[in-house]
Amino acid sequence: MELTIEEALQQGVAAHKEGKLQEAERLYRVILQSQPAHPDANHNLGVIAVSVNKADAALPLFKTALEANPKMEQFWLSYIDALIKTEKVDDARRVLADARQAGFTAAKLQIFEEQLEFELSPSSQIPQQEISNPLHSHQGELSAAIELREIGRYKEAQEWLSNVIEHDSRNTEALSLLSQVLLLDKKEVEAERALTAAASINSELPSVYRNQARLLLKQSKTAEALEKAQLGCRQSPEDSESLLVLAACLGANQRDLEALPIIEKILKAESNYAEAYANRALIKLRAKDTVGAIEDAKMTVSLKPHLTQMWFLLSSLHYQDSNLSDAIEALRSAHKNEPKNTAFMIQLGEFLRQDNKASEAINILEQATELAPKDATAWTNLGVAFQQEKRIADAKIAYEKALALNPKSAAIASNLGAMAKEAEE
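Okay, here's the thing in structure tokens:
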């Protein structure tokens, strides 16, 4: 029995949301044979094109959808997003202005404006636009959540995705994306819960495999992570994100020689992919190429300054390279991103002390001991800084607190003994 346009659209959207892209594309094209300007079918074909890194092919589809139905906000968002991805900055600005003039004020438009204001390159990880479905127009825009993720606004992305899922509890892509954002926000238990929900709906979705691999890496289950990453790549062999997760898993399994060509391939296609540089930095570090690792780490944080762990790595690399001043500056950036991270504070305090900035070191180490009063290293480093400043009484108190927390530390006992001997002399 021949499908009606409405039935074909319903089935196409269902297949699309389940990750069955070939079936979804077939159904959308069936619609276009009867109605070449059908807005939803054109838009959703564009979404599929973007998802396989063919933003150029998506442009005429998004344009047709927008011209057919300019009242649909998502059509504006998808078209602007694709223009930015294809580096058509002037066209993107023009369409963005038209969207504003048409009365649209979505938070996503503000994100686009920020990108265009600084003429930023398109995001390294291709966002997935919302599938257009007039029967489910309340569904939020996944692309907005991805943009928030890309600039490090993880909590806002979680709120956005939670709203999407509240309206559509079986949106596998939203659940999968939520798991990744939660993992980035160091909420591993919640991430696993969201990912389990996504897998229960469609366990063969590429993003589900990717995020399962990421979670398993976080849990140090490297062999299992690699299996999931390989499954994800079989589903979407040309997807940069799936390829990079595979490279990361290969690296975690001591297979850097296989991982490196994959990363090089990704960077050849997407030269602004921050996470690809980050993974290459780790490979170079393991290969004892400190200079090369520093270059890639610098590129990573220049593209995404919110990637705090890369600032921390860059600081360590500079320190290994006997560049204390740059090590301090990189660590300051890490501390700025996570002002309550005591590990950063303790290390920064020690580097400042070594740079003969004991007063500043004392200030930050005192803050660290307030946040982590049971951290013996914080008290030890504070004691050393006090001792350097000739504040012997304060140093003694700090060392005694450190020794109470770590009574087997020979170094702390030695420092206390040395101070006692100096006092006698």
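Residue numbers (this note's numbering): 47 to 471. Think of the CB as a built atom: it goes at the ideal place given N, C-alpha and C, for glycine as much as any other residue.
Exercise. Closest by CA to Arg260, which one among Gly395, Glu48, Gln226?
Worked result: For the purposes of this step, residue 260 is taken as the residue at position 214 of the sequence shown. Measuring from the Cα of Arg260, the nearest candidate turns out to be Gln226.
Exercise. Per DSSP, what kind of secondary structure is Gln81 in: helix, strand or coil?
Worked result: Here residue 81 corresponds to residue number 35 of the sequence shown, with the count starting at 1. DSSP places Gln81 in coil when its eight states are reduced to three.
Exercise. Using the rule of at least 16 other Cβ atoms within 10 Å of the residue's Cβ for burial, across every protein chain shown, is Lys330 buried or exposed?
Worked result: For the purposes of this step, residue 330 is taken as the residue at position 284 of the sequence shown. The residue is buried, with at least 16 neighbouring Cβ atoms inside 10 Å.
Problem set entry | Cut-off 7 angstroms between Cβ atoms - residues of its own chain near Glu270, not counting five sequence neighbours on either side | In the sequence shown, residue 270 corresponds to position 224, counting from 1. Leu262, listed in sequence order.
Problem set entry | Distance CB(Thr218)-CB(Ala244) smaller than 8 angstroms | As a first step, residue 218 must be located in the sequence shown, where it is residue number 172. As a first step, residue 244 must be located in the sequence shown, where it is residue number 198. Cβ distance < 8 angstroms, so Thr218 and Ala244 count as in contact.
Problem set entry | Beta-carbon proximity check, Leu360 vs Lys386, cutoff 8 angstroms | As a first step, residue 360 must be located in the sequence shown, where it is residue number 314. As a first step, residue 386 must be located in the sequence shown, where it is residue number 340. Contact: no.
For this session: Identify, in the order they occur along the chain, each residue of the same chain with its Cβ nearer than 7 angstroms to the Cβ of Gln81, setting aside the five sequence neighbours on each side.
Result: Numbered from 1 along the sequence shown, position 35 holds the residue referred to as residue 81. The answer, listed in chain order, is Ile51.
For this session: Taking all protein chains shown into account, decide if His62 is buried (16 or more other Cβ within 10 angstroms of its Cβ) or exposed.
Result: The residue given as residue 62 occupies position 16 in the sequence shown. His62 comes out buried.
For this session: Go ahead and label Ser215 buried or exposed: buried means 16 or more other beta carbons lie within 10 angstroms of its beta carbon, across all protein chains shown.
Result: To locate residue 215, count along the sequence shown from 1; it is residue 169. When all chains shown are included, Ser215 counts as exposed.
For this session: Alpha carbon to alpha carbon, how far is Ser282 from Ala83? Give it in angstroms, no decimals.
Result: Your numbering for residue 83 matches position 37 in the sequence shown. Your numbering for residue 282 matches position 236 in the sequence shown. Rounded to the nearest angstrom, the two C-alpha atoms are 29 angstroms apart.
Exercise. Got a sec? Which residues, its chain only, sit under 6 angstroms from Asn88 by beta carbon, not counting five neighbours each side?
Worked result: Your numbering for residue 88 matches position 42 in the sequence shown. So the qualifying residues of the chain are Leu107, Thr110, Ala111.
Exercise. How many angstroms separate the CA atom of Ala104 from the CA atom of Glu287?
Worked result: The sequence position of residue 104 within the sequence shown is 58, counting from 1. The sequence position of residue 287 within the sequence shown is 241, counting from 1. Between Ala104 and Glu287, the C-alpha separation is close to 19 angstroms.
Exercise. How about Asn452 and Ile443: do their beta carbons lie closer than 8 angstroms?
Worked result: Numbered from 1 along the sequence shown, position 406 holds the residue referred to as residue 452. Numbered from 1 along the sequence shown, position 397 holds the residue referred to as residue 443. Not a contact, by the Cβ cut-off of 8 angstroms.
For this session: Check Arg216 in the structure and name its three-state DSSP category.
Result: Here residue 216 refers to the residue found at position 170 of the sequence shown. Here Arg216 sits in coil by DSSP.
For this session: Taking 8 angstroms as the cut-off, decide whether the C-beta atoms of Leu411 and Ile392 are in contact.
Result: The sequence position of residue 411 within the sequence shown is 365, counting from 1. The sequence position of residue 392 within the sequence shown is 346, counting from 1. Yes; because the gap between Cβ atoms is below 8 angstroms, this pair is in contact.
Exercise. Just the Cα atoms here: how many angstroms apart are Leu277 and Gln300?
Worked result: Translated into the one-based positions of the sequence shown, residue 277 becomes position 231. Translated into the one-based positions of the sequence shown, residue 300 becomes position 254. Spanning the two alpha carbons is a distance of roughly 19 angstroms.
For this session: Write down the C-beta distance between Leu353 and Ala389 rounded to the nearest angstrom, noting that I regard them as a contact closer than 8 angstroms.
Result: Residue 353 sits at position 307 when you count from the first residue of the sequence shown. Residue 389 sits at position 343 when you count from the first residue of the sequence shown. Incorrect: roughly 16 angstroms between the Cβ atoms, too far for contact.
Problem set entry | Terminal residues of the alpha helix (DSSP H) in which Asp395 lies | Residue mapping note: residue 395 aligns to position 349 of the sequence shown, counting from 1. The question names Asp, yet the displayed sequence has Gly at residue 395. Unbroken alpha helix (DSSP H) run through Gly395: 388-400.
Problem set entry | Beta-carbon proximity check, Glu202 vs Gly65, cutoff 8 angstroms | In the sequence shown, counting from the first residue as 1, residue 202 sits at position 156. In the sequence shown, counting from the first residue as 1, residue 65 sits at position 19. Pairing Glu202 with Gly65 gives a Cβ-Cβ distance that is not under 8 angstroms.
Exercise. Hey, would you say Ala380 sits closer than 8 angstroms to Phe358, going by beta carbons?
Worked result: Within the sequence shown, numbered from 1, the residue matching residue 380 stands at position 334. Within the sequence shown, numbered from 1, the residue matching residue 358 stands at position 312. Against a cut-off of 8 angstroms, the Cβ pair of Phe358 and Ala380 comes out as a contact.
Exercise. Candidates Ile126, Glu113, Glu205, Leu272: which alpha carbon is nearest Pro85's?
Worked result: Counting from one through the sequence shown, the residue named residue 85 turns up at place 39. Each of Ile126, Glu113, Glu205, Leu272 was checked against the Cα of Pro85, and the nearest Cα belongs to Glu113.
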